[in-house]
Amino acid sequence: MKDLIDFLATWSNWTGPNGILIRTFNHLAISVVAVLVASVIALPIAIVLGHRRKGGFVAVAAANLGRAIPSLAILALALPLSIKYGFGLGAAPTLVALVILAIPPLFANTYTGVASVEPALVDAARGQGLTEWQALRQLELPLSAPFLMTGVRIALVQVLATAALGALVAFSGLGSFIIEGFAQFDDGKTLTGALLTAVLAVSAESVLSRVQRRLTPWVDEYQ
Numbered sequence: 011m012k013d014l015i016d017f018l019a020t021w022s023n024w025t026g027p028n029g030i031l032i033r034t035f036n037h038l039a040i041s042v043v044a045v046l047v048a049s050v051i052a053l054p055i056a057i058v059l060g061h062r063r064k065g066g067f068v069a070v071a072a073a074n075l076g077r078a079i080p081s082l083a084i085l086a087l088a089l090p091l092s093i094k095y096g097f098g099l100g101a102a103p104t105l106v107a108l109v110i111l112a113i114p115p116l117f118a119n120t121y122t123g124v125a126s127v128e129p130a131l132v133d134a135a136r137g138q139g140l141t142e143w144q145a146l147r148q149l150e151l152p153l154s155a156p157f158l159m160t161g162v163r164i165a166l167v168q169v170l171a172t173a174a175l176g177a178l179v180a181f182s183g184l185g186s187f188i189i190e191g192f193a194q195f196d197d198g199k200t201l202t203g204a205l206l207t208a209v210l211a212v213s214a215e216s217v218l219s220r221v222q223r224r225l226t227p228w229v230d231e232y233q
């Protein structure tokens with residue numbers, strides 16, 4: 011614990027290209043970008059399949075796939091592809107791995123949310139003259155919002171916790187402190203990387219949970 015306090019109390023460890031501030035920003039930035047990219051890929055497909063009440067097997071398979079494949083294995087698969095196509099080490103393979111990791115919870119939760127809207131409500135909306143797009147936008151998406159937001163929260167927390175592995179392919183994030191700490195037998199540096207990674211993940215969980223409750227207050231009312 012003393013090593014951790016000493017490392018955090020040293021101002022020079024916070025500044026510079028390899029300091030705590032820059033690496034924390036890098037870690038957070040690549041995590042947010044990964045979830046955004048995964049959302050662009052997963053959400054439209056999940057919404058369409060959920061609206062059509064088809065693709066349930068795909069949703070379950072996607073969720074199970076995300077749980078079954080170790081994050082390190084995804085990173086190992088992304089690395090040679092990144093090198094082959096000229097992107098090299100660092101951010102590119104890390105981003106690919108994190109996007110793949112984020113897709114399953116986004117896809118599965120969004121599909122489940124849209125598909126779980128009562129068909130009778132959708133039929134009633136159509137009976138009122140709403141088009142398919144209007145029924146989806148005005149009825150199904152608002153009702154499925156809690157599921158969608160849960161998917162975003164789970165995806166971001168998982169990605170933040172896993173992004174530290176990017177240090178294995180030379181990405182300069184919080185995981186770099188862990189790798190360097192082990193190599194240099196510097197417990198303070200190792201603990202700093204682990205602690206800040208955990209703080210980011212826990213903070214994201216807390217903030218997004220509060221946002222979800224604020225935006226979907228009716229969920230708590232019916233629990």
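Residue 11 is where the sequence shown starts when you use our numbering, and the numbers rise one by one after that. The beta-carbon is built from N, C-alpha and C at its ideal position, and this holds for glycine as well.
Host alpha helix (DSSP H) of residue i (start-end)
i	result
E150	Careful: E150 lies outside any alpha helix (DSSP H) and carries neither H nor E.
N23	Careful: N23 lies outside any alpha helix (DSSP H) and carries neither H nor E.
R63	That residue, R63, is in no alpha helix (DSSP H); it is neither H nor E in DSSP.
L87	81-94
G29	Element bounds for G29: n/a, residue is neither H nor E.
T122	101-125
L14	12-19
Cβ-Cβ distance between residue i and residue j below 7 Å
i	j	result
S92	L111	no
T104	G203	no
G191	A174	no
V127	L153	yes
L149	A135	yes
I15	N23	no
A125	G60	yes
L218	R163	yes
Supposed close pair residue i, residue j - CB separation, criterion 8 Å
i	j	result
L210	L170	5 Å
T226	P156	5 Å
A48	A165	6 Å
L206	T34	6 Å
### Task
For the stretch 162-230, list the beta strand (DSSP E) runs that are entirely contained and at least 3 residues long, ordered along the chain.
Counting only runs of 3 or more, we get nothing.
### Message
With a threshold of 8 Å, are at least 3 pairs of Cβ atoms found where one atom belongs to the stretch 111-127 and the other to the stretch 68-83?
### Response
yes
### Stretch pair the stretch 128-139 + the stretch 180-187: three plus CB contacts closer than 8 Å
Fewer than three pairs of CB atoms, one per stretch, sit closer than 8 Å, so the stretch 128-139 makes no contact with the stretch 180-187.
### Task
Specify whether the stretch 38-55 and the stretch 190-206 touch according to this definition: at least 3 beta carbon pairs, one from each stretch, less than 8 Å apart.
no
### Query
Are at least three pairs of beta-carbons, each pair with one atom in the stretch 214-222 and one in the stretch 42-53, less than 8 Å apart?
The stretch 214-222 vs the stretch 42-53: no contact.
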